[in-house]
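Comments concern the structure below.
Residue numbers (my numbering): 3 to 157.
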């Protein structure tokens, strides 16, 4: 009688828990925001103090009206020198970006990374029902990618 090949019962493969991959899993919800009436010098002080490069500008109902960045503050510094005016004594409304692209909190972080590349910006505000609920930055996407490293990249 010949030798038969025998394989024992195979174990059921473990299902690996995949890491979260939505913007809502990595966005910042504790935001520093500004009002359009604030002075540029206040924004500059806050950006330096909090080690940020920009932040959302909201109205009294927490609706997004723009973004102010360190680059926008640089415009004011440049203009103040040109016109021989004090630095930072103007309201941010004149210098902030108002046509701001936003991202939905349910967007996949890989799609969000593509949007960063397409729009060449440093942060996207997340708005829900007209209210600012968070923000995702390039750094948040990098952190997400590092956490997902070694896993399959398909969703």
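From the three backbone atoms N, C-alpha and C, an ideal C-beta is built for every residue, glycine too.
Short Cβ contact (8 Å threshold) for residue i with residue j
i	j	result
residue 69	residue 60	no
residue 158	residue 138	The question about residue 158 has no answer, for the chain in this structure spans 3 to 157.
residue 23	residue 52	no
residue 132	residue 30	no
residue 93	residue 150	no
residue 82	residue 71	no
Helix, strand or coil at residue i according to DSSP, with G and I counted as helix
i	result
residue 130	strand
residue 97	coil
residue 24	strand
residue 55	coil
residue 156	Caution is warranted here: a pLDDT of 49 is assigned to residue 156, below 50, making its placement in the model unreliable, and the coordinate value is therefore given only provisionally. The answer is coil: DSSP assigns residue 156 none of H, G, I, E or B.
Residue closest to residue i, alpha-carbon to alpha-carbon, out of the options
i	options	result
residue 128	42, 57, 38 and 53	57
N- and C-terminal bounds of the alpha helix (DSSP H) containing residue i
i	result
residue 71	That residue, residue 71, is in no alpha helix (DSSP H); its beta strand (DSSP E) goes 66 to 71.
residue 45	42 to 51
residue 33	Residue 33 -> no alpha helix (DSSP H), and no H or E assigned at all.
Whole-angstrom distance between residue j and residue i, CA atom to CA atom
i	j	result
residue 63	residue 103	19 Å
residue 87	residue 75	14 Å
residue 95	residue 39	7 Å
residue 26	residue 112	13 Å
residue 85	residue 143	40 Å
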